[in-house]
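Novice:
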Amino acid sequence: MVHSEEIRPTLLVVEDDDTNRQTLERVFSKEPYELRLAPDGETALDIVREESVDVVLSDLMMPGMDGLELLKTVRTLQPDIEFILVTAYGTVEKAVEAMKEGAYDFITKPFKRVEVIRRVRRAMEKQLLLHENRRLRERLAGIDRETTIVGRSGSIRSVLDLVEQVAPSSATVLLLGESGTGKELFARQLHARSDRKDRPFVAVNCAAIPETILESELFGYEAGAFTGATHRKAGRFELAHTGTLFFDEVGEIPPSMQVKLLRVLQDGVFERLGGTKPVSVDVRIVAATNRPLAEDVANGRFREDLYYRLNVIQVEIPPLRERRDDIPLLAHHFLSAFATKNRKDVLGMASDAVDALSAYDWPGNVRELENVMERAVILSKTREVQKENLPESVASGNSDRQSVSIPLGTPLEEVEQLLIKETLRMTKGDKSTAARLLGIATRTIYRKLGRDSLKEISEPVG
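Sequential numbering from 2 applies to the sequence shown in the working numbering.
1) Under 8 Å by Cβ, that's how I've got leucine 163 and valine 316 pegged, so tell me the actual separation to the nearest angstrom.
2) Taking 7 Å as the cut-off, decide whether the C-beta atoms of glycine 349 and glutamate 323 are in contact.
3) Please report the straight-line C-alpha distance between glycine 275 and glycine 42, rounded to a whole angstrom.
4) Assuming isoleucine 286 is part of the beta strand (DSSP E), what are its boundary residues?
5) Quick check on the DSSP output: what are the complete alpha helix (DSSP H) runs of length 4 or more inside the stretch 205–276, in order along the chain?
6) For arginine 376, report the span of its beta strand (DSSP E) as first-last.
7) Taking all protein chains shown into account, decide if isoleucine 144 is buried (16 or more other Cβ within 10 angstroms of its Cβ) or exposed.
8) Out of Lys278, Ile314, Ser257, Val373, which has the shortest C-alpha to C-alpha gap to arginine 285?
9) Tell me which same chain residues have a C-beta within less than 6 Å of the C-beta of arginine 273, skipping the five on either side of it?
10) May I have the straight-line CA-CA distance separating glutamate 239 from glycine 183, to the nearest angstrom?
11) Should threonine 383 go down as buried or exposed, given a rule of 16 or more other Cβ atoms within 10 Å for buried?
12) Excluding the 5 residues preceding and the 5 following glutamate 253 in the sequence, name in chain order all residues of the same chain whose CB lies nearer than 6 Å to its CB.
13) By the 10 Å Cβ neighbour count, where 16 or more other Cβ atoms means buried, how is arginine 119 classified, buried or exposed?
14) At the level of alpha carbons, what is the spacing between leucine 12 and aspartate 55?
15) Taking the alpha-carbon of methionine 519 as reference, which of Ala168, Asp17, Asp346 has the nearest alpha-carbon?
16) Looking only at its chain, what residues have a beta carbon closer than 6 Å to the beta carbon of alanine 89, apart from the 5 residues adjacent to it on each side?
17) Going by Cα to Cα distance, which pick from Pro320, Arg376, Gly398 is closest to aspartate 353?
18) Less than 7 Å between the C-beta atoms of methionine 374 and leucine 336, yes or no?
19) Can you check whether the CB of leucine 72 is closer than 7 Å to the CB of asparagine 84?
20) What's the gap between the Cα of isoleucine 328 and the Cα of asparagine 390?
21) Within 10 angstroms of its Cβ, does glutamine 528 collect 16 or more other Cβ (buried), or is it exposed?
22) In or out: threonine 231 buried (at least 16 other Cβ within 10 Å) or exposed?
23) Classify aspartate 268: buried if its beta carbon has 16 or more other beta carbons within 10 angstroms, exposed otherwise.
24) Relative to the C-alpha of lysine 342, which residue among Arg376, Pro320, Gln387, Ala357 is closest?
25) State buried or exposed for isoleucine 157, treating a residue as buried only when at least 16 other CB atoms are found within 10 Å of its CB.
26) Quick check on this structure: which residue in Val115, Gly365, Pro392, Val395 has the alpha carbon closest to the alpha carbon of glycine 430?
27) What are the boundary residues of the alpha helix (DSSP H) that includes arginine 158?
28) With DSSP as the reference, label glutamine 387 as helix, strand or coil.
29) Which ranges does the alpha helix (DSSP H) cover as unbroken runs of at least 4 residues, wholly within the stretch 12–38, from first to last along the chain?
30) Which value, in whole angstroms, describes the spacing of the CA atoms of tyrosine 50 and leucine 78?
31) Specify the secondary structure class of glycine 349 as computed by DSSP and reduced to three states.
32) Using the rule of at least 16 other Cβ atoms within 10 Å of the residue's Cβ for burial, across every protein chain shown, is glycine 152 buried or exposed?
33) Out of Pro80, Gln418, Val355, point me to the one whose CA is closest to valine 395's CA.
34) If you draw a straight line from the C-alpha of glutamate 250 to the C-alpha of glutamine 259, how long is it?
35) For a test of the three-state rule: what should DSSP assign to glutamate 179, helix, strand or coil?
36) Closer than 6 Å by C-beta to threonine 445: which residues in its own chain qualify, once you throw out the five before and the five after it? Chain order, please.
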């Protein structure tokens with residue numbers, strides 16, 4: 002019987018001497034760490050760039066990049082890594098210099114097996130303590146701002162009451178709502194109010210990740226699984242172990258991946274790409290979509306068994322036009338935040354600006370209101386946001402734009418991009434809706450425009 006693996010901290014051993022490196026490999030082979038080996042500083046940096054490392058145990062004197070230089074560079078990539086140097090007696094002064102640069106400890110050669118294990122264990126314990134302290138400081142400093150949901154209308158209070166009731170359980174939750182309604186915010190609220198609040202919250206946008214790499218992103222891969230896979234990499238499931246994994250736009254998961262996802266939801270076990278050993282994880286799943294998943298099930302686009310596995314608890318988030326009482330409250334919330342962020346002495350809004358905001362239909366929902374308020378604060382020349390600081394579509398109450406003019410002779414590639422961009426603007430950045438209107442896959446939008454263009458469309462127009 003093959004036992005499932007546990008998620009373990011990572012130790013990176015950097016040693017240019019083959020014999021010493023093999024000795025250290027044997028020393029730590031029975032310790033509860035994910036062990037990475039590097040023959041030089043450059044290889045070590047490649048590993049640090051690719052994955053999270055907790056402790057580095059490195060020889061000080063190496064050809065090319067020595068241990069001190071490696072320490073300084075690693076600290077720029079992952080500042081919290083604990084670094085232990087192994088040095089000969091004659092280079093102790095340099096090891097002391099490394100301590101001043103932030104090294105955790107140093108060990109002189111020849112070292113004893115028990116001693117090197119003890120030093121690494123201490124460093125690992127410090128790492129754990131640092132992580133716990135950071136989470137505590139973040140909570141005390143009010144980091145839960147990320148989970149603050151503003152609103153007191155009846156419709157939003159009903160949703161919040163349901164979230165409070167469901168959060169302490171381990172049940173899978175499916176969040177339904179239009180684009181921009183704040184589904185990820187509600188997912189974070191579920192996490193923050195659960196027993197897992199001190200553990201990781203990992204989000205994955207199922208539409209943004211190309212189908213060809215989605216499996217390796219979710220489940221990770223073993224060294225040698227494909228060309229360029231030089232070492233093992235943890236996937237999103239492993240990173241979310243004991244915490245919450247949020248699947249945004251879950252309706253965009255391709256059919257080939259749906260069956261693999263179903264197995265993990267059923268058993269809590271998966272295999273890394275290129276691996277043979279099952280990996281066991283404890284993850285609470287929260288999924289979100291603006292697609293009509295029930296219709297997708299009926300037409301065979303989405304697996305029925307996966308739908309019911311995800312739809313244990315369903316939470317429907319109302320669009321902003323159905324909670325108009327919250328619009329002024331949200332607008333003042335964003336105004337305060339962006340005035341502080343941009344160091345603007347803007348304290349309120351003129352009454353006609355509030356009226357215009359309340360009358361607008363907000364097809365882009367809360368996300369659109371947030372963008373509009375950031376723009377208004379930046380453009381404001383007084384201590385109050387004026388109606389003239391709002392976009393013309395909001396000030397006039399015009400939510401629609403149904404046509405676009407394209408000159409004859411425009412290259413087909415430019416026509417495609419223009420139509421996609423204008424459809425996205427009409428849907429206020431809702432890529433799934435835009436894709437349905439255009440009759441293309443959501444991934445095609447990412448491929449045709451690229452992330453920079455998509456980000457530009459989602460940001461407010463100055």
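Beta carbons are placed, not taken as given, at the ideal position from N, Cα and C, and that holds for glycine.
Specialist: Inspection of the coordinates gives the following:
1) Working through the sequence shown from its first residue, we reach residue 163 at position 162. Working through the sequence shown from its first residue, we reach residue 316 at position 315. 6 Å between Cβ atoms; contact.
2) For the purposes of this step, residue 349 is identified with residue 348 of the sequence shown, where counting begins at 1. For the purposes of this step, residue 323 is identified with residue 322 of the sequence shown, where counting begins at 1. No. Outside cutoff.
3) Against the sequence shown, residue 275 aligns to sequence position 274. Against the sequence shown, residue 42 aligns to sequence position 41. One C-alpha to the other measures close to 27 Å.
4) Position 285 of the sequence shown, counted from the first residue, corresponds to residue 286. Residues 285–290.
5) 212–220, 237–240, 256–268
6) If you number the sequence shown from 1, residue 376 lands on position 375. Boundaries around arginine 376 are those of the alpha helix (DSSP H), 366–380, since no beta strand (DSSP E) includes it.
7) Your numbering for residue 144 matches position 143 in the sequence shown. Low local confidence applies: a pLDDT of 43 at isoleucine 144 is under 50, so the model's placement there is unreliable, and no value is given.
8) By 1-based counting over the sequence shown, the position of residue 285 is 284. Residue Ile314 is the option with its Cα nearest to arginine 285.
9) Sequence index remark: in the sequence shown, residue 273 carries index 272 (1-based). Answer for arginine 273: Phe220, Gly221, Tyr222, Glu223, listed in chain order.
10) Numbered from its first residue, the sequence shown carries residue 239 at position 238. Numbered from its first residue, the sequence shown carries residue 183 at position 182. Rounded to the nearest angstrom, the two C-alpha atoms are 26 Å apart.
11) One-based indexing of the sequence shown puts residue 383 at position 382. Classification for threonine 383: exposed.
12) Locating residue 253 in the sequence shown gives position 252, counting from the first residue. Result list for glutamate 253: Cys207, Ala208, Thr443, in chain order.
13) Against the sequence shown, residue 119 aligns to sequence position 118. Exposed, since its Cβ has fewer than 16 Cβ neighbours within 10 Å.
14) As a first step, residue 12 is located in the sequence shown; it is residue number 11 there, counting from the start. As a first step, residue 55 is located in the sequence shown; it is residue number 54 there, counting from the start. Distance between the alpha carbons of leucine 12 and aspartate 55: 6 Å.
15) This structure cannot settle anything about residue 519, because the visible part of the chain is limited to 2 through 463.
16) Against the sequence shown, residue 89 aligns to sequence position 88. Taken in chain order, the residues that qualify are Lys110.
17) By one-based count along the sequence shown, residue 353 stands at place 352. Considering only alpha carbons, the answer is Gly398.
18) Position 373 of the sequence shown holds residue 374. Position 335 of the sequence shown holds residue 336. Yes. Within cutoff.
19) Taking the sequence shown and counting its residues from 1, the one referred to as residue 84 is at position 83. Taking the sequence shown and counting its residues from 1, the one referred to as residue 72 is at position 71. Note that residue 84 is phenylalanine in the sequence shown, not asparagine. Going by C-beta atoms, phenylalanine 84 is nearer than 7 Å to leucine 72.
20) Position 327 of the sequence shown, counting from 1, holds the residue named residue 328. Position 389 of the sequence shown, counting from 1, holds the residue named residue 390. Roughly 17 Å between the two C-alpha positions.
21) The structure shown does not extend to residue 528, since the chain is modelled only from 2 through 463, so no value can be given for it.
22) As a first step, residue 231 must be located in the sequence shown, where it is residue number 230. It counts as exposed.
23) Residue 268 sits at position 267 when you count from the first residue of the sequence shown. So aspartate 268 ends up on the exposed side.
24) As a working note, residue 342 is residue 341 in the sequence shown. Taking only the C-alpha atoms, the option nearest lysine 342 is Arg376.
25) For the purposes of this step, residue 157 is taken as the residue at position 156 of the sequence shown. Buried is the call here.
26) In the sequence shown, counting from the first residue as 1, residue 430 sits at position 429. Residue nearest to glycine 430 within the set Val115, Gly365, Pro392, Val395 is Gly365 (criterion: CA-CA distance).
27) Here residue 158 corresponds to residue number 157 of the sequence shown, with the count starting at 1. Segment 155–167, the alpha helix (DSSP H) holding arginine 158.
28) Reading the sequence shown from its first residue, position 386 is the one you call residue 387. Correct three-state label for glutamine 387: coil.
29) Counting only runs of 4 or more, we get 19–29.
30) Taking the sequence shown and counting its residues from 1, one reaches residue 50 at position 49. Taking the sequence shown and counting its residues from 1, one reaches residue 78 at position 77. The amino acid occupying residue 50 in the given sequence is arginine; tyrosine does not appear at that position. So the two alpha carbons sit approximately 7 Å from each other.
31) Here the question's residue 349 lines up with position 348 in the sequence shown. Note: glycine 349 maps to strand in three-state DSSP.
32) Within the sequence shown, the letter at position 151 stands for residue 152. It is buried - the Cβ of glycine 152 has at least 16 other Cβ atoms within 10 Å.
33) In the sequence shown, residue 395 corresponds to position 394, counting from 1. Closest by alpha carbon: Val355.
34) Here the question's residue 250 lines up with position 249 in the sequence shown. Here the question's residue 259 lines up with position 258 in the sequence shown. Roughly 13 Å separates the two Cα atoms.
35) Position 178 of the sequence shown, counted from the start, is the residue given in the question as residue 179. Coil at glutamate 179, not helix or strand.
36) Looking up residue 445 in the sequence shown gives position 444. Contacts found: none.
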